[in-house]
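> Below is one structure. I have some questions about it.
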Amino acid sequence: MTSVEPTEAVTGIPFVLNGTAVEANEGELLIEACERNGVHIPRFCYHNRMKPVGMCRMCLVEVDGGRGPALQPSCMLPVTPDMKVETESEPTKKAQDGVLEFLLANHPLDCPVCDKGGECPLQDNAYAFGAGETRFVEEKRHYEKPIPISDLVQLDRERCILCDRCTRFASEVADDPLIHFIDRGSQTQVNTFPDHPFSSYFSGNTVQICPVGALTATPYRFKARPWDLDAIESTAAADTSGARVVLQASQNELVRTLGVDSEAVNWSWLSDKDRFYYEATNSPDRVTEPLIRDGGELKPTRWGNAMRAAARALRIDPERVAAIGGARLTLESQYAWAKLLKGVLGTDHVDAQLGDSLPAALTLGLPRTTIAEACAPGQIIVLMGPDPKEVAPTLYIRLRHAVVEDGATLIEITPRATSLSKYATLRLQTAPGTVGQVLSALADGQLDTNVGTVQAPELERAHQLLTGDRQVSVVFGRANLAESARYSADALGGMRRLVPNAGYLPLLRRSNIHGALEMGLTPGFLPGGARNRGGLVDKWPSTPEFEGHDTDAILKAAAQGEIDTLVLLGADPLGDFPDSTLAEAAFANIKTLIAVDGLLNTSSARATIVLPAALFGEEDGTFCNLEGRLSPIRAKVTPPGLARPDWVIAADLSHAIGPELGYTTLEELRSQMRATVPALDDVDWDEIDGADDGPLFRPERNWELEFGDPAQMPPTSSYGYRLVVDHKLWDLGTMSQHSASLANLAGPAVLRLSPNDIQLLDLADRQQVTVDLGEESWELPFVADPQVAPRTAWIPARLPGFDVRELLSAGRSITNLRLRTGEVPADVE
Amino acid sequence: MSRLDASNVLLAREIIARYPRPKSAMIPLLHLSQQQNGHVTNEAMEHIAELIGVTPAEVLGTCSFYEMFKREPVGRYMVNICTNISCQLLGGEELLHHAEETLGIKPGGTTEDGLFTLEDVECIAACTEAPCLQINYRYENRVSLGRFDEIIAEVRGGKRADVPTHGTLARIRQHIDPDRLAGIEPPEVAGVPPWFASRQDEAKEETA
Amino acid sequence: MATNDYVPHAAGYVDNTGPKIVTSRFHHRDSYTLERYEATNGYAALRAVLQMQPTAVHETIKEAVLLGRGGAGFPAGVKWGFMPPVWPRYLVVNGDESEPGTYKDRLLMERDPHQLIEGCIITCFALGLNTCFLYVRGEMAEAQERIAEALNDAYASGYVGKNICGTDVSIDVVLTWGAGAYIVGEETALIESLEGNRGMPRLKPPFFPAAKGLYMKPTIVNNVETLANIPWIILNGPNAYKEFGSEKSPGTRMVAVSGHVNRPGVYEIEQGVVTYRDLFYGDNFCQGMRDGNELKMFIPGGGSSPWFFEEQLDVPIEGSLISAAGSMAGSGAIVVMDETTDAVKACLRVVRFFARESCGKCTPCREGTTWEEKILQRIYNGHGRPSDIDLLLDIGSQISPGEYPVAAWAEKGLTAVPFPPKQTTICPLGPSSVAPITSAIRRFRHEFEAKMTARPADEPELRPAGETWVAVEIADGAGNTSDVEAAEVHS
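Chains H, C and L, in that order, are what the protein sequence lines are.
Under this note's numbering, the residue at position 28 of the first sequence is numbered 11, and the numbers go up by one with no gaps.
Under this note's numbering, the residue at position 9 of the second sequence is numbered 18, and the numbers go up by one with no gaps.
Under this note's numbering, the residue at position 293 of the third sequence is numbered 294, and the numbers go up by one with no gaps.
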């Protein structure tokens, strides 16, 4: 909740509030100006992050703008000079009493059994402003009691006061107008279209902004009463946006997450993943004690046994030790693990990314911008990465707002259309394998010939927009797992040449991945972006003596028997690494697999040793978002059983190995981090805890990033369809799958084709398409999807039904498929 | 067929092209679907949503606001009797009662043969001719109880070719020959009409 | 060209003596055809206008003081001047006539569609815009046909569309239509409807259509009758126009007189000249009350207007004078009620209309109008409580605070509060429901009380909660009431 301090400087618009001369900001709405000046005007429909509609009429106040006093909705009235406002006058009070009486006339008053009771604006306003009794003796309106409008949200229309908040949110903010006012007058209700549920990634926000108990979240219904809740501010960690939240717990169990209005990041909005995946921490599948494999089975053991076993497995040639993962961890735990792995053990085979991203040097080295700068009115935003709505939904909300409301210009350079395409001023459709050459042509000013699927006039237009005088921000990432990361890197090289002063926002998967990269959980780097050799020599016992492998190379080495011990820091290579065959081969040859996690996944289920870790909401720490913004992760409940924070595990394990990590408390750990990482030196952790918008972690890096000549475009293949693979928000990820309400939201894996190609392939009447790749063939269900470009096939990763990784290989630069109807093609020998 | 059929899709596209934004064609398209099916089906609403690029919920939101759109099947003939003040003064309610008895249905109901649906409606702008009613939006003025029975008999006897079946409003549609069209553009790109700009320039020159 | 013969002429118009500006062709059976229109000086004004500067046309209309005929009576020329120099801009014709008792625009659309179209084109020309939407009420199928045919003919003959009359001027007029919602007659709701939305009014300010209208672009919304005046004004000049009517309200206006008079009908009358007494009793007009009965009350300007009584009979029909007397000229809908009329029943019927037609946007209107209807229904059914009368007035004051304009006060020697009332809502629909309530209770309180004493003695004062007073089915989305309620209304 943003609290703006009353402005002291006399620069505003003078007006008279209840007889006192005060000031408003230019263009400020009366309701906001009054609030800033200490007068709260009751409201239901007004929400500071949405456009006002002025329909509940609760905020009527008497305003004299020069033509005599009249009742005006303060939520729609900008303050004008010398306006006289009476919020306490008889006409104002009568109007407010009247509106409340009208709202309560048909309200069921089932407050004792309503989830909202105790934190209900209607209840509060009735108490503060209402008449205290009703004169309504007629029969109230009746509707069927709560109806599910989605898997996550239920609607009680009897309680609804038709304030238009949820429906406005759905259409204005989320752009998912799947709930709407239906019918008219006193029969108006909010509802969905039959069989078209409110399946928005943002549905939970409607529950939070509902001013009555009409919308309730299925996971929270009847779980707790507001006055029983303990709350603490924290940061959501379902993606890299770093949305600010309040965690609420009842009886040492997390029961609810609410969005906090952080001006810098999420403006109070959350994705449903951010909001509901706390459920995973309450999962009955939690690992609550150390496990050790004994006779083929994981069996509980004591911490001491587990530590000794792990220490034994790690005390070997550092080149035969590797670690994958760490994005789940807090910044502090990331540092601790980096120190253990690199400083104590001396291995550099450490990677928090799983082969679905870009080289860490690019993410760390490209000049970073902020969401606010990228979304500033009138600027240019370039999207060269995955669909933000799927990877960082909160960022999507900000980007969309920038383009729709603030006049930012969006240029999209992606292999498939995204959720933002309809707002794009220009969309360059880059077939897989071509984006590097497209950017190269732009940088070279070669605009008169088509490059791949991009036409010359489109290049011309892009060049014109990007080389103008407007600030350019590039949202970048890996748009397609079925093409080599090389092309994306080449494209960034082109962009660097084309727009030297552009700012960058990396759009990576995995919550605290930016913290992990900054803390050195990536080969070649130490905390703060220091290079391995030479960096931190005076601060750490030692640093790796060799340049380590990334996950791809770690798995290849392991497959060849070069890695004996593999540590998984919350990672699931078997489930999540794009080349599943390689991951499987690697796992077959690992001698000791040590998993540090709170929940078992496909990979950790095969561990030799499992060290139970605290999860989200169970430990204190720091989050680093895609801007580099630091914000608090806070514990609200205690970890279950014997589970411990990852930084504690790292210290204990180091102790078991021999050397100490040099801290016993979080404060000591932070002191050590400050002493080790110059850019953290002036970070005040109390400030991080106290602010809605945390400070930016911005080490000085004037790296000369080296981009080689861009790779040539792959030749066209007789297998005429290029595969696009990326991630959806709802998939088979561990946290989602252990959140009871989210587990079933992942849709089935379906091959997506442009409607035109379905005609071309003569598939219109069929259910399945045959996919040929190399020697193998698959029969897959397909759908028409206008987001897919001609001659491409899109299959999202990690969905039930079909593991698209069967089609991926780490060695292929692009993935060409042949698609056909079931008949055997004539040219097959 | 509940979705718009091929010829109506063509008509729908012609209608959509007449508005600066496709969504503006919503109400005309809902009428078109009601003309095709007698009422507005869910499938038609989904189809309209596709045609104008909105969600079905948005179509339902608009559709359900307007009384003429029936989302359940109704009779081939809507008998809409006005009971608003001007008609009430001259027997509108008595006419409605008579209609209820004659047809054996209450307002909102449909006769068993599926021929008539009775409605008690608000002012239909024939106040000087009270009591009045509409059959499928064709007026009947100064309707006595006897005249009401005659009208029903005429319809039952197939003698009212002037009254189309429910859903059809105007039988003459506006058609704009593309050669005659001045040009309708999205508001984002439309600007000052050239003929107006040139006249403004002329006026400026004259004053200068 | 005209093939539309099967539609009989809409009844209701009375071709009496007096000046005719907008109904001058009504006596022709084929008044709606292009042939008749051309033969009676049709499109001559357009040809003249095409030789003028647009601003000169605007000036002419301003000079004529052409008042809007939709209800508010605001000068059209002044309204036009509110448009900022922003393009595109639009003209929207409000043909959504549905105010209870109002019957004039339908006649103009059915009987003389070309006159309206010519008015539209001239307005578009004056305002420098090239897209006009002619929004016709959904239930008016015949008007839609007449306009569609007229537009098709006008396009084919070069009066509309590309290169009008061979000049460079190109203007489209698109026929569009509603689907049954009274509130869409309110200009911002009409714009919402034309954008494909629910017809829910926007707040003014900031959404004054002239600045932020259709697609948030400058938009002029004019009533059908307003635009129908324009060809005549152009051809005859503003001075000729001002020879009719009063200084404040020049020209003629159409009024529909319905109810208990001998010759109900639609009349074109001179503004500010003809009084209600002339209209009801004059030989040239309604020729007296039905059966020689006494006048009990009359609605002077549509269902939304406070009622007038015999004291106001001599008020000339002119906006400012009617406002001063505590009501409004509105849409020219005059409903006359004689001594046999049940004031409670009439009040209930008009209130019920507003309850059914509330769009549901503003709380006071959505909840207040239905509550009013339920109380009135209860009173009418004999289940009223003495406190209900003041409760009705108080609910009214929560929708329309302060003293509601009520002509009935004149009876008590008080000066009427002039129209319009204050409101806690965005648009005047909710406050309109207060008009019949205040009018009826102030004047006929005894009739309300009589209904209460008629309640059987053993009837409890207040039924226990949960027991239904009036069975009202609530699930019907179309705004229809149930069998039970309907039966009670009509019993």
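All residues carry an ideal CB built from backbone N, CA and C; glycine is no exception.
Give me the Cβ distance between Ala417 (chain L) and Arg444 (chain L), rounded to the nearest whole Å; I'm assuming they're in contact under 8 Å.
For the purposes of this step, residue 417 (chain L) is identified with residue 416 of the third sequence, where counting begins at 1. For the purposes of this step, residue 444 (chain L) is identified with residue 443 of the third sequence, where counting begins at 1. That belief does not hold up - the Cβ atoms of Ala417 (chain L) and Arg444 (chain L) are roughly 12 Å apart, past 8 Å.
> Residues in its own chain within less than 7 Å of Gly179 (chain L) by CB, not counting five upstream and five downstream?
The count along the third sequence starts at 1 and reaches residue 179 (chain L) at position 178. Result list for Gly179 (chain L): Asp97, Tyr136, Arg138, Gly139, Val185, Ser194, in chain order.
> Consider the Cβ of Arg351 (chain H): report whether some Cβ of chain L lies at a distance smaller than 7 Å.
On the first sequence, residue 351 (chain H) is found 368 positions in, with the first residue counted as 1. False, the Cβ-Cβ gap to chain L never drops below 7 Å.
> Kindly provide the ranges of any beta strand (DSSP E) runs that are 3 or more residues long and lie completely inside the stretch 99 to 162 of chain H, ordered along the chain.
If we require 3 residues or more, the beta strand (DSSP E) runs fully inside the stretch 99 to 162 of chain H come out as 136 to 138.
> Between which two residues does the alpha helix (DSSP H) holding Gln655 (chain H) run?
By 1-based counting over the first sequence, the position of residue 655 (chain H) is 672. That run of the alpha helix (DSSP H) goes 649 to 659.
> So which residues on chain H does Gly70 (chain C) lean against when the C-beta distance must stay under 8 Å?
As a first step, residue 70 (chain C) is located in the second sequence; it is residue number 61 there, counting from the start. Per Cβ cutoff of 8 Å: His163, Phe164, Ile165.
> Using only alpha-carbon positions, find the residue among L:Ala436, L:Glu340, L:Gly383, L:Ile376 that is nearest to Pro402 (chain L).
The residue you call residue 402 (chain L) lines up with position 401 of the third sequence. Measuring from the Cα of Pro402 (chain L), the nearest candidate turns out to be L:Ala436.
> Using a Cβ distance threshold of 8 Å, determine whether the stretch 149 to 161 of chain L contacts the stretch 173 to 182 of chain C, with at least three qualifying pairs required.
Yes: at least three Cβ pairs fall under 8 Å.
> Rounded to the nearest angstrom, what separates Gly10 (chain H) and Pro61 (chain H) at their Cα positions?
What you label residue 10 (chain H) is simply residue 27 of the first sequence in a count that begins at 1. What you label residue 61 (chain H) is simply residue 78 of the first sequence in a count that begins at 1. Spanning the two alpha carbons is a distance of roughly 5 Å.
> Run through DSSP, which three-state label would Met329 (chain L) get?
To locate residue 329 (chain L), count along the third sequence from 1; it is residue 328. The answer is coil: DSSP assigns Met329 (chain L) none of H, G, I, E or B.
> Would you say Thr18 (chain L) reaches chain C, if we count a Cβ-Cβ gap shorter than 7 Å as a contact?
The residue you call residue 18 (chain L) lines up with position 17 of the third sequence. Not closer than 7 Å to any Cβ of chain C, the Cβ of Thr18 (chain L) fails to qualify, so no.
> So which residues of chain L does Gly192 (chain C) contact, with C-beta pairs closer than 8 Å?
Here residue 192 (chain C) refers to the residue found at position 183 of the second sequence. Within chain L, the residues near Gly192 (chain C) are Asn131, Lys163, Ser171, Asp173.
> Closer than 7 Å, CB to CB, is Met38 (chain H) near chain L or not?
As a first step, residue 38 (chain H) is located in the first sequence; it is residue number 55 there, counting from the start. Taking Cβ atoms only, chain L reaches closer than 7 Å to Met38 (chain H), which makes this a yes.
> Answer with buried or exposed for His532 (chain H), where buried requires no fewer than 16 other C-beta atoms within 10 angstroms of its C-beta.
For this step, residue 532 (chain H) is matched to residue 549 along the first sequence. Result: buried.
> Report the rounded CA-to-CA distance for Lys813 (chain H) versus Trp523 (chain H), giving the unit in angstroms.
Residue coverage of chain H in this structure runs from -16 to 812, which leaves residue 813 (chain H) outside it and unanswerable.
> Label Glu159 (chain C) either buried or exposed according to how many other C-beta atoms from any shown protein chain fall within 10 Å of its C-beta, with 16 as the threshold for buried.
For the purposes of this step, residue 159 (chain C) is identified with residue 150 of the second sequence, where counting begins at 1. Glu159 (chain C) comes out exposed.
> Nearest by alpha-carbon distance to Val482 (chain H): which of H:Ser423, H:Glu73, H:Arg795 is it?
The sequence position of residue 482 (chain H) within the first sequence is 499, counting from 1. Here the closest residue by C-alpha is H:Ser423.
> Give me the chain C residues within the contact set of Phe152 (chain H), using Cβ-Cβ distance strictly less than 8 Å, ordered along the chain.
Here residue 152 (chain H) corresponds to residue number 169 of the first sequence, with the count starting at 1. The contacting residues do not exist; Phe152 (chain H) stays about 14 Å from chain C at best.
> Residues of the stretch 37 to 61 of chain H with a CB closer than 9 Å to any CB of chain L: list them in chain order, please.
Cβ contacts with chain L come from Gly37, Met38, Cys39, Arg40, Met41, Leu43, Ala53, Leu54, Pro56, Met59, Leu60, Pro61.
> Which of the residues in the stretch 78 to 102 of chain H, read from start to end, lie with their CB under 8 Å from any CB of chain L?
Listed by position along the chain: Ala78, Asp80, Gly81, Val82, Glu84, Phe85, Leu86, Ala88, Asn89.
> DSSP three-state label for Ala536 (chain H), please.
By 1-based counting over the first sequence, the position of residue 536 (chain H) is 553. Residue state, collapsed to three classes: helix.
> Thinking C-beta only, is Ser251 (chain H) closer than 7 Å to Gly242 (chain H)?
Counted from its first residue, the first sequence places residue 242 (chain H) at position 259. Counted from its first residue, the first sequence places residue 251 (chain H) at position 268. Yes, these two residues count as a Cβ contact at 7 Å.
> Between the C-alpha atoms of Leu679 (chain H) and His163 (chain H), what's the straight-line distance to the nearest angstrom?
Reading the first sequence from its first residue, position 696 is the one you call residue 679 (chain H). Reading the first sequence from its first residue, position 180 is the one you call residue 163 (chain H). Using only the alpha carbons, I get a separation of about 40 Å.
> Is the Cβ-Cβ distance between Thr330 (chain H) and Pro301 (chain H) less than 7 Å?
The count along the first sequence starts at 1 and reaches residue 330 (chain H) at position 347. The count along the first sequence starts at 1 and reaches residue 301 (chain H) at position 318. Yes, Cβ-Cβ distance for Thr330 (chain H) and Pro301 (chain H) is below 7 Å.
> If I'm right that Pro764 (chain H) touches Gln751 (chain H) with Cβ under 8 Å, what's the distance once you round it to whole angstroms?
Here residue 764 (chain H) refers to the residue found at position 781 of the first sequence. Here residue 751 (chain H) refers to the residue found at position 768 of the first sequence. Going by Cβ atoms, the distance from Pro764 (chain H) to Gln751 (chain H) rounds to 6 Å, so yes, they are a contact pair.
> How about Arg269 (chain H) and Pro623 (chain H): are their beta carbons less than 7 Å apart?
Your numbering for residue 269 (chain H) matches position 286 in the first sequence. Your numbering for residue 623 (chain H) matches position 640 in the first sequence. In this structure, Pro623 (chain H) lies closer than 7 Å to Arg269 (chain H) by Cβ.
> CA-CA distance, Arg189 (chain C) and Ala157 (chain L)?
Residue numbering aside, residue 189 (chain C) sits at position 180 when the second sequence is read from its first letter. Residue numbering aside, residue 157 (chain L) sits at position 156 when the third sequence is read from its first letter. One C-alpha to the other measures close to 8 Å.
> Name the DSSP beta bridge partners of Ile852 (chain H), please?
Given that chain H is displayed from residue -16 to residue 812, the structure contains no residue 852 (chain H) and the question cannot be resolved.
> Any idea what DSSP makes of Thr4 (chain L), helix, strand or coil?
Counted from its first residue, the third sequence places residue 4 (chain L) at position 3. Any reading at Thr4 (chain L) needs caution, since the residue's pLDDT is 40, under 50, leaving its predicted position unreliable; the model's value is listed next. The answer is coil: DSSP assigns Thr4 (chain L) none of H, G, I, E or B.
> Rounding to the nearest angstrom, what Cα-Cα distance links Ala626 (chain H) and Trp286 (chain H) in this structure?
On the first sequence, position 643 is the one that residue 626 (chain H) refers to. On the first sequence, position 303 is the one that residue 286 (chain H) refers to. Those two C-alpha atoms are separated by around 10 Å.
> Can you give, in chain order, each stretch of the alpha helix (DSSP H) that sits fully within the stretch 442 to 514 of chain H and has at least 4 residues?
Runs found: 468 to 481, 496 to 501.
> Where does Leu736 (chain H) fall in DSSP's three states?
For the purposes of this step, residue 736 (chain H) is taken as residue 753 along the first sequence, with counting starting at 1. In the structure shown, Leu736 (chain H) sits in a strand (DSSP, three-state: E or B).
> Interface residues of chain H around Trp372 (chain L) at Cβ under 8 Å?
In the third sequence, counting from the first residue as 1, residue 372 (chain L) sits at position 371. Here the neighbours are Phe85, Ala88, Phe119, Glu121.
> Does chain C have any CB closer than 7 Å to the CB of Thr699 (chain H)?
The sequence position of residue 699 (chain H) within the first sequence is 716, counting from 1. No, its Cβ sits nowhere closer than 7 Å to a Cβ of chain C.
> What's the gap between the Cα of Pro506 (chain H) and the Cα of Gln412 (chain H)?
Within the first sequence, residue 506 (chain H) is the residue found at index 523, counting from 1. Within the first sequence, residue 412 (chain H) is the residue found at index 429, counting from 1. Each residue's alpha carbon lies about 33 Å from the other.
> Would you give the residue range spanned by the beta strand (DSSP E) that Thr71 (chain C) belongs to?
For the purposes of this step, residue 71 (chain C) is taken as residue 62 along the second sequence, with counting starting at 1. No beta strand (DSSP E) contains Thr71 (chain C), which is instead part of the alpha helix (DSSP H) from 65 to 72.
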